[in-house]
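Report on one structure; see the data block that follows.
In our numbering, the protein residues as written are 975 to 1347.
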């Protein structure tokens, strides 16, 4: 089966793309051929795994939250992308098509359904969040399998065949699992990561919250914080005025290393962040993105909070004073940090990419067996 490619359909945000990249790396490790179908936003994304794959950029656009005119234009683009994907699938003759949610996965999965039964690949969807996304809701009933990250994922259509595999993370992050947590004995390290859409609130609130911490705690604190480029000067000035060492950047290459050295994380609650926190075994203060579709970040955050791995703060409640109180309660208590870290580690699924690869290959083999019979 290694001659027939596995088509991975993913694009858009990192939350969809990183798990796809992890699956690709696992399939390549096993000697399988990979083809990526993506959108223009992800066409130039640098990825060691997909650098070894055939790559196809499809036409298409999202429909959610758009005006009538733009939604109509998006529908036309999706239809064109589906025809484009069908031609590619006929040429590639893949063993399976795996979609990771978001509109870039819609054309390949719809196109796969239109192929003659004898040439139809296995179709698998993966959902990263605790709420099934709109694209996956559209596609779930016709898919051979829906792989979930959370056992209690909501909005799954009745009758859908599901399996819980976890959310694949990049190998460097999966490698953090099992490394343990050492509570702070002196210096305390805070890691603040917000993503391109979510970092502004942390630039506004976190430095001021740090300034409200008790002086003995603040004197032991160092911060690593992701900031938008335009926010770097004011955030840097704020920490300098407080005398708090701070490493600031719009992007960090070694995220795994930063998780591994942090004692506490302040973050949004995207699916990849939640999975990374679990693999790293780090407690967190989570501030869900308030405008996320279907409020899926709040659902993700609640899944961690239910185990004691995180404190959830809705963005309107995330004032400097309120955040300072949460930070002080955790950072000044090695026991509380250790408990949160252990709770996070108990949720880790470092083998999620391997489990998803097993599922994809099993479904592909079953589909080929049906063709032969």
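A virtual CB, placed ideally from N, CA and C, is assigned to each residue, including glycine.
Per-residue burial, residue i [other beta carbons within 10 Å of its own, 16 or more giving buried]
i            : result
residue 1225 : exposed
residue 1088 : exposed
residue 1131 : exposed
residue 1229 : buried
residue 1127 : buried
residue 1265 : exposed
residue 1036 : Interpretation of residue 1036 is limited by its pLDDT of 49, a score under 50 that renders its predicted location unreliable; the figure taken from the coordinates is listed afterwards. Buried, because 16 or more other Cβ atoms sit within 10 Å of the Cβ of residue 1036.
residue 1247 : buried
residue 1214 : exposed
residue 1272 : buried
residue 1156 : exposed
residue 1256 : buried
residue 1188 : exposed
residue 1309 : exposed
residue 1025 : exposed
residue 1286 : buried
6 Å CB neighbourhood of residue i in its chain, flanking five on each side removed
i            : result
residue 1153 : none
residue 1122 : 1101, 1136 and 1138
residue 1096 : 1070, 1118, 1337, 1338 and 1341
residue 1205 : 1177
residue 1168 : 1176, 1200 and 1242
residue 1030 : 1011 and 1062
residue 1165 : 1198, 1232, 1236 and 1239
residue 1306 : 1191
Residue i - DSSP class collapsed to helix/strand/coil
i            : result
residue 1115 : coil
residue 1065 : helix
residue 1261 : coil
residue 1307 : coil
residue 1196 : strand
residue 1339 : helix
residue 991  : helix
residue 1024 : helix
residue 1129 : coil
residue 1270 : helix
residue 1009 : strand
residue 1143 : coil
residue 1057 : helix
residue 1218 : coil
residue 1370 : Residue numbering for the chain in the displayed model covers 975 to 1347; residue 1370 lies beyond these limits and cannot be assessed.
residue 1086 : helix
residue 1136 : strand
residue 1247 : helix
residue 1318 : helix
residue 1030 : strand
residue 1150 : coil
residue 1120 : strand
residue 983  : strand
residue 1176 : helix
Selection from the options that minimises the alpha carbon distance to residue i
i            : options                   : result
residue 1341 : 1105, 1117 and 999        : 1117
residue 978  : 991, 1156 and 1005        : 1005
residue 1293 : 1243, 1181 and 1313       : 1181
residue 1052 : 1020, 1014, 1064 and 1023 : 1014
residue 1163 : 1188, 1151, 1192 and 1211 : 1192
residue 1150 : 1184, 1207, 1315 and 1103 : 1315
residue 1093 : 1008, 1232, 1029 and 1068 : 1068
residue 1234 : 1158, 1189 and 1063       : 1158
residue 1274 : 1091, 1160, 1105 and 983  : 1105
residue 1196 : 1287, 1220 and 1120       : 1220
residue 1291 : 1179, 1333 and 1186       : 1179
residue 993  : 1185, 1146, 1306 and 1161 : 1146
residue 1312 : 1284, 1334 and 1288       : 1284
residue 1065 : 1054, 1115 and 1028       : 1028
8 Å CB neighbourhood of residue i in its chain, flanking five on each side removed
i            : result
residue 1202 : 1170, 1173, 1174, 1177 and 1224
residue 1063 : 981, 1071, 1082, 1085, 1086, 1089 and 1095
Contacting residues, own chain, Cβ-Cβ under 7 Å from residue i (five flanking each side not counted)
i            : result
residue 1059 : 1011, 1032, 1081, 1082 and 1085
residue 985  : 991, 1012, 1013, 1015, 1016, 1076 and 1078
residue 1001 : 980, 1008 and 1331
residue 1183 : 1294, 1297, 1298 and 1301
residue 1111 : 1129 and 1131
Contact test: residue i Cβ vs the ligand NAP heavy atom, cutoff 7 Å
i            : result
residue 1142 : The ligand NAP is not part of the structure shown, which contains no ligands of any sort.
Does the stretch 1298-1308 come within contact of the stretch 1127-1142, defined as at least 3 CB pairs closer than 8 Å? no
Sufficient close CB pairs (3 or more, under 8 Å) joining the stretch 1066-1075 to the stretch 977-995: yes
Hey, is the stretch 1253-1272 in contact with the stretch 1224-1244, meaning 3+ C-beta pairs nearer than 8 Å? Three or more pairs of CB atoms, one per stretch, sit closer than 8 Å, so the stretch 1253-1272 contacts the stretch 1224-1244.
For the stretch 1313-1329 and the stretch 1244-1255, state whether three or more C-beta atom pairs, one from each stretch, are separated by less than 8 Å. Here the stretch 1313-1329 makes contact with the stretch 1244-1255; the two share three or more CB pairs at distances below 8 Å.
Give a yes or no on contact between the stretch 1270-1288 and the stretch 1322-1333, applying the rule of three or more CB pairs nearer than 8 Å. no
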